[in-house]
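Asks: Protein chains in written order, with our numbering: chain A, 3 to 490; chain B, 3 to 490. First, the structure itself, so that you have it in front of you.
Protein chains: 2
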Amino acid sequence: MALSEIYSTSLSLLTDLYQLTMAYGYWKQGMAEREAVFHLYFRKHPFGGGYTVAAGLEHAVEYLQALKFSDNDLAYLSNLKGSQGQPLFEQEFIDYLGQMEFSCDVDAVPEGTVVFPSEPLVRVRGPLLQAQLVETPLLTIINFETLIATKAARIKEAAKGDTVIEFGMRRAQGIDGALSAARAAYIGGADATSNLLAGQLYDIPVRGTHAHSWVQAFETEEDAFEAYGEAFPKDSVFLVDTYNTLEGVKRAISVAQKLQPKGFVFGGIRLDSGDLTYLSQQARQLLDEAGFHDTSIVASNDLDEHLITHLKQEGAKINVWGVGTKMITAYDQPALGGVYKLAAIKDGEWEYKIKLSEQLAKTSNPGILQVRRYYNQERYLADMIYNELEPLPNTPQIVDPLDVTRRKTVEEGAKHKELLVPVFQKGQSIYTLPDLPSIKAHTKTEISRLHESIRRYMNPHSYPAGLEGNLHQFKLDMILKLKGKSDK
Amino acid sequence: MALSEIYSTSLSLLTDLYQLTMAYGYWKQGMAEREAVFHLYFRKHPFGGGYTVAAGLEHAVEYLQALKFSDNDLAYLSNLKGSQGQPLFEQEFIDYLGQMEFSCDVDAVPEGTVVFPSEPLVRVRGPLLQAQLVETPLLTIINFETLIATKAARIKEAAKGDTVIEFGMRRAQGIDGALSAARAAYIGGADATSNLLAGQLYDIPVRGTHAHSWVQAFETEEDAFEAYGEAFPKDSVFLVDTYNTLEGVKRAISVAQKLQPKGFVFGGIRLDSGDLTYLSQQARQLLDEAGFHDTSIVASNDLDEHLITHLKQEGAKINVWGVGTKMITAYDQPALGGVYKLAAIKDGEWEYKIKLSEQLAKTSNPGILQVRRYYNQERYLADMIYNELEPLPNTPQIVDPLDVTRRKTVEEGAKHKELLVPVFQKGQSIYTLPDLPSIKAHTKTEISRLHESIRRYMNPHSYPAGLEGNLHQFKLDMILKLKGKSDK
């Protein structure tokens, strides 16, 4: 379901005030419609990982499609006051906004694609005022969904083929923190969600067990299991740790045995506390002894990729992982630091722009950038960020942004493709949004094409991704020139 | 603006699947309408702090007011399939849900109130099915907004009277992660937000400066400042670190001097990188030398309560703090671990319920709980959680949950009030939602009534809050009895 079907309010004010003050300034200077190029990118993989899974484009597209100031929005802006009580904006500017139609070109990396630092995930080219205005919502949407998709991919990797269920709604950061994260987690690797509304809106498979309160509501644990088993003869997962976990497992088994003649299928048990390794091993033994070899052991309780790996190494007998807080909030790094930077502006000719930083690697890249990915039959080899406005050398070099003396030339015969695809042309959406299962499948393929040393979630190898040599040199020259000018 | 005006979709499926499977189970067992009591509470203050600011009640009330399964919701539930392709729910149950009207009593702590571990923030009493169903959305809403309000309160404390602006939208966890956090941050202590939609929806003051891209879009920094100053002669804050910060300050000053004859008021400069202490001191000196004593120095860049305190101790000359990522996501603890536990169920008589845990302090509390707060003229003295169904002793004792040998009797003459107030009676809302300025003012008063040792944001003293002695003894007896039963 599209954003515009979920929200009844216009989302056109979903941006920072300063986007509107700058818009007003550009408009007053007659610069509002000067053509400009911005790139949205991040500088560092989240979670200390070796790759990032792009997500959020669908919501970004829907936001842009609906971008149109409503009368209500305009009235709000008209009423904004400055510090001395004066109107912040002239009425003529408000009228301009009211007539504004989004008319930018947008190119973006499809959801589920693996991406690397400095690579534009979204490129916006069009009137300066508009391209600036959309900065904040694009960042909010892409930063968050990319973060969660990446977290989920790491957790799914750690689970090594086991089922992973997203259980985090109760700890999510607000309603959309739960909804769009459930979608992003599904893209990244979660197999299902407990969030019914996400199931309904995005057609994600939903899964669940029962709570402790279910057991507490009955006189005995046996009564509780039996009642649940009768309600769901084919789909019962009994939560066994309300009182004493291993006693709970035994009671679950005896209830399953009692209900079996009526066609009951013993789906699983869930462990939610205690020593998950020991308890799962004991539970597996009890289940196996009773002949319930196919009964799953589901675990939950503050799981993330690190704990799952640790439990597996210890020999835990868990085959379904219910992951909550740590996935839905990306607990160990709850924000991706994506930025949105001006890279070129046209005043007759294109002028390139960079934002200086104390660190070379953090200085933004000038141009109208595209990313070329080189690959062979088995895997992705290297990515090269280049300026579409400049001719490419016959044998381009890729300069490592963290060590500019490391330069790579891609092996002969490597194929390549461009990562940014057209999404809007002059404000018209020309991109067919893939359905969610396709995006999920794309993610899986993408990750499978990375060498396992890059997929390692701690201390991974670094995938070769950098600037095309001429672009790198041009940027260096620009920095030196700007520093000289600025220090005068 | 109410949730139902923001969302066009029904939010009745905004819950975990297992709430519906349990609902179905209760319905099948004829237990759906058995009266039950649940409490929503947290076990530990976030961020290692000494107090927590309750928030989210308004959204919780709006969610409950709108709780009604739509035809669309019912169709979705009808179509849910079990693992063998069979419908998960019987049609008769779907019809039951379709006719269901929310009919619980809800009592809650007003937004902005300071609260302590184990104290119910929300108490729901009513038909078991309904009271269970609302668990997840109440947790999502209250956990998140309480977390952010508390974070903002800590940051405002650290700022010691300086202005704090919430700047975090671009790093927020989704659209509502930005919106409801902007509101919660305002409740907790932020003075304004950069988020225009939050400004529009909740009538929060909006503030902003300009971005680096504004400066980059012009030939020179001077041109950029001059253009901005002309657009906002009374409200300009110049971002000075695009090229070289102190050169930027000098340029801002010369532009301000140039524009002054036209009535320009030099609002401020913003620092967004580098050594904020050194730069702010130098900037202050430059501004003062030029006679701009009232010009603010705004700082941003990964600020939180710790960094603000550190900068102040170092003598930074900053008087407006733009706080982004660390506040909007509560970066150092992005989830409050609030829980929702069954505490009593009526089957003829009330039966008390607890959820055992390996730690006594984590075991839930039985009864229909209320919180009594004792206070004198100056400050809050102690909180006592007690069971409304049992008579209170004349001189009640408060038992420290972390050391049950510590018992406190409140000083004679102390006044007291009950924290939970009626919000819904038999499903009808009977609570007048306070307006946002009142909630914000309430927070400020609440925090001012805590001893400063409790307000200290690192290693605070612990405010005396615990169980009334009889309730404590009753709980102990219940635990021992349950453990005996469970180990049999």
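For each residue, glycine too, the CB sits at the ideal point set by N, CA and C. Since this is a predicted model, take the numbers as computed values, not measurements.
Please work out which residues of its chain come closer than 8 Å, Cβ to Cβ, to Lys490(A), disregarding the five sequence neighbours upstream and downstream, and give them in chain order.
Replies: In the first sequence, counting from the first residue as 1, residue 490(A) sits at position 488. For Lys490(A), the pLDDT reaches just 47, beneath the cut-off of 50, and the residue's location in the model is therefore unreliable, leaving the point undetermined.
Asks: Hey, out of Met386(A), Ala25(A), Pro395(A), Ile150(A), whose CA is closest to Phe91(A)'s CA?
Replies: Start at 1 with the first residue of the first sequence, and residue 91(A) comes out as number 89. Nearest C-alpha to Phe91(A): Ala25(A).
Asks: Quick check: Gly339(A) and Lys46(A), are their CB atoms within less than 8 Å of each other?
Replies: Numbered from 1 along the first sequence, position 337 holds the residue referred to as residue 339(A). Numbered from 1 along the first sequence, position 44 holds the residue referred to as residue 46(A). In this structure, Lys46(A) lies closer than 8 Å to Gly339(A) by Cβ.
Asks: Expressed to the nearest angstrom, what Euclidean distance is found between the alpha-carbon atoms of Gly128(A) and Ala56(B)?
Replies: Walking along the first sequence from the start, residue 128(A) turns up at place 126. Walking along the second sequence from the start, residue 56(B) turns up at place 54. If you take the alpha carbons of Gly128(A) and Ala56(B), they lie about 45 Å apart.
Asks: If we ignore side chains and look at the alpha-carbon of each, how far apart do Ser256(A) and Phe240(A) end up?
Replies: For this step, residue 256(A) is matched to residue 254 along the first sequence. For this step, residue 240(A) is matched to residue 238 along the first sequence. Across the structure, Ser256(A) and Phe240(A) are spaced so that their CA atoms are roughly 12 Å apart.
Asks: Establish whether the CB of Glu7(B) and some CB of chain A are separated by less than 8 Å.
Replies: Position 5 of the second sequence, counted from the first residue, corresponds to residue 7(B). Closer than 8 Å to the CB of Glu7(B) there is at least one CB belonging to chain A.
Asks: Determine the extent of the alpha helix (DSSP H) in which Ala258(A) is found, giving its start and end residues.
Replies: Counting from one through the first sequence, the residue named residue 258(A) turns up at place 256. Bounds of the alpha helix (DSSP H) holding Ala258(A) are 247-261.
Asks: Identify the continuous alpha helix (DSSP H) that holds Ile320(A) and give its terminal residues.
Replies: By one-based count along the first sequence, residue 320(A) stands at place 318. Counting along the chain, Ile320(A) falls outside any alpha helix (DSSP H), and DSSP gives it neither H nor E.
Asks: DSSP state of Ala292(A), grouped into three classes?
Replies: In the first sequence, the residue the question calls residue 292(A) occupies position 290. DSSP places Ala292(A) in coil when its eight states are reduced to three.
Asks: Is there a C-beta anywhere in chain B that falls below 8 Å from the one on His2(A)?
Replies: Given that chain A is displayed from residue 3 to residue 490, the structure contains no residue 2(A) and the question cannot be resolved.
Asks: Does chain A have any CB closer than 8 Å to the CB of Pro466(B)?
Replies: The residue you call residue 466(B) lines up with position 464 of the second sequence. Closer than 8 Å: no.
Asks: Using alpha carbons as the reference points, say which of Thr447(A), Glu470(A), Glu137(A) lies closest to Gly191(A).
Replies: Within the first sequence, numbered from 1, the residue matching residue 191(A) stands at position 189. Looking at Thr447(A), Glu470(A), Glu137(A), the one whose alpha-carbon comes closest to that of Gly191(A) is Thr447(A).
Asks: Looking at the secondary structure, which residues open and close the alpha helix (DSSP H) in which Met24(A) lies?
Replies: Mapped onto the first sequence, residue 24(A) falls at position 22. Start and end: 19-30.
Asks: To which residues of the same chain is Leu82(A) closer than 6 Å at the C-beta, ignoring the five residues directly before and after it?
Replies: Residue mapping note: residue 82(A) aligns to position 80 of the first sequence, counting from 1. These residues qualify, in order along the chain: Leu90.
Asks: Which bits of chain A does Ala180(B) rub up against, with CB to CB less than 7 Å?
Replies: Within the second sequence, numbered from 1, the residue matching residue 180(B) stands at position 178. Chain A residues near Ala180(B): Thr142.
Asks: Can you look up Thr195(A) in the DSSP assignment and give me helix, strand or coil?
Replies: What you label residue 195(A) is simply residue 193 of the first sequence in a count that begins at 1. Strand at Thr195(A).
Asks: Could you say which of Gly176(A), Asp402(A), Ala34(A), Ala226(A) lies nearest to Leu1(A) if we only look at CA atoms?
Replies: Residue 1(A) lies beyond the stretch modelled for chain A, which goes from 3 to 490, so this question has no answer here.
Asks: Is it true that the CB of Thr331(B) sits closer than 8 Å to the CB of Ala154(B)?
Replies: Within the second sequence, residue 154(B) is the residue found at index 152, counting from 1. Within the second sequence, residue 331(B) is the residue found at index 329, counting from 1. For Ala154(B) and Thr331(B), no; Cβs fall outside 8 Å.
Asks: Who are His418(B)'s beta bridge partners in DSSP?
Replies: Counted from its first residue, the second sequence places residue 418(B) at position 416. BP columns for His418(B) point to Tyr376(B).
Asks: Going by DSSP in three states, Ile370(A) sits in which element: helix, strand or coil?
Replies: Residue numbering aside, residue 370(A) sits at position 368 when the first sequence is read from its first letter. Coil.
Asks: Can Glu307(B) and Tyr98(B) be called in contact, C-beta distance under 8 Å?
Replies: Mapped onto the second sequence, residue 307(B) falls at position 305. Mapped onto the second sequence, residue 98(B) falls at position 96. No. Outside cutoff.
Asks: I want to see whether chain B comes within less than 8 Å of Lys355(A), judged by CB atoms only; does it?
Replies: Residue 355(A) sits at position 353 when you count from the first residue of the first sequence. It does; some Cβ of chain B falls within 8 Å.
Asks: With a threshold of 8 Å between beta-carbons, can Gln430(B) be considered close to chain A, or not?
Replies: Numbered from its first residue, the second sequence carries residue 430(B) at position 428. Chain A contact via Cβ: absent.
Asks: Taking the alpha helix (DSSP H) that Val502(A) belongs to, which residues open and close that run?
Replies: No information on residue 502(A) is available, as it lies outside the stretch 3 to 490 that chain A covers here.
Asks: Can you list, in chain order, the residues of its chain with a C-beta nearer than 7 Å to that of Gln21(B)? Leave out the 5 residues immediately preceding and following it.
Replies: Reading the second sequence from its first residue, position 19 is the one you call residue 21(B). Hits under 7 Å: Gln134, Leu135, Glu137, Thr138.
Asks: Please report the straight-line C-alpha distance between Leu141(B) and Gln88(A), rounded to a whole angstrom.
Replies: Along the second sequence, one-based indexing puts residue 141(B) at 139. Along the first sequence, one-based indexing puts residue 88(A) at 86. The straight-line gap from Cα to Cα measures roughly 42 Å.
Asks: List the DSSP bridge partners of Tyr188(B).
Replies: Residue 188(B) sits at position 186 when you count from the first residue of the second sequence. None, per the DSSP bridge assignment.
Asks: Within 8 Å (strictly less), CB to CB, does Ile370(A) reach chain B?
Replies: If you number the first sequence from 1, residue 370(A) lands on position 368. Residue-level contact check: Ile370(A) does not touch chain B, since none of the beta carbons of chain B fall below 8 Å from its beta carbon.
Asks: Could you work out which residues of chain B lie near Gly210(A), taking near to mean beta carbons separated by less than 7 Å?
Replies: Here residue 210(A) refers to the residue found at position 208 of the first sequence. What Gly210(A) touches in chain B: Asp18, Leu19, Tyr20, Thr23.
Asks: Report buried or exposed for Ser10(A), applying the criterion of at least 16 other Cβ atoms within 10 angstroms of its Cβ.
Replies: Position 8 of the first sequence, counted from the start, is the residue given in the question as residue 10(A). Ser10(A) should be labelled exposed.
Asks: So, using beta-carbon positions, are Arg156(B) and Asp349(B) closer together than 8 Å?
Replies: Working through the second sequence from its first residue, we reach residue 156(B) at position 154. Working through the second sequence from its first residue, we reach residue 349(B) at position 347. Not closer than 8 Å, so no.
Asks: In the DSSP assignment, the beta strand (DSSP E) including Val300(B) goes from what residue to what residue?
Replies: Translated into the one-based positions of the second sequence, residue 300(B) becomes position 298. From DSSP, the beta strand (DSSP E) with Val300(B) extends over 298-301.
Asks: With C-beta atoms as the reference, is Ile299(B) less than 8 Å away from Glu121(B)?
Replies: Indexing the second sequence from 1 puts residue 299(B) at position 297. Indexing the second sequence from 1 puts residue 121(B) at position 119. No. Outside cutoff.
Asks: When we look at the beta-carbon of His61(A) and count the other beta-carbons within 10 Å, is it buried (16 or more) or exposed?
Replies: Here residue 61(A) corresponds to residue number 59 of the first sequence, with the count starting at 1. Under the 10 Å beta carbon count, His61(A) is surrounded by 16 or more other beta carbons and is classified as buried.
Asks: Considering just the uninterrupted stretch of the alpha helix (DSSP H) at Lys442(A), what are its terminal residues?
Replies: Residue 442(A) sits at position 440 when you count from the first residue of the first sequence. Run containing Lys442(A): 438-450, per the alpha helix (DSSP H) assignment.
Asks: Less than 8 Å between CB atoms is the rule here; does Gln86(A) satisfy it with respect to chain B?
Replies: Mapped onto the first sequence, residue 86(A) falls at position 84. Closer than 8 Å: yes.
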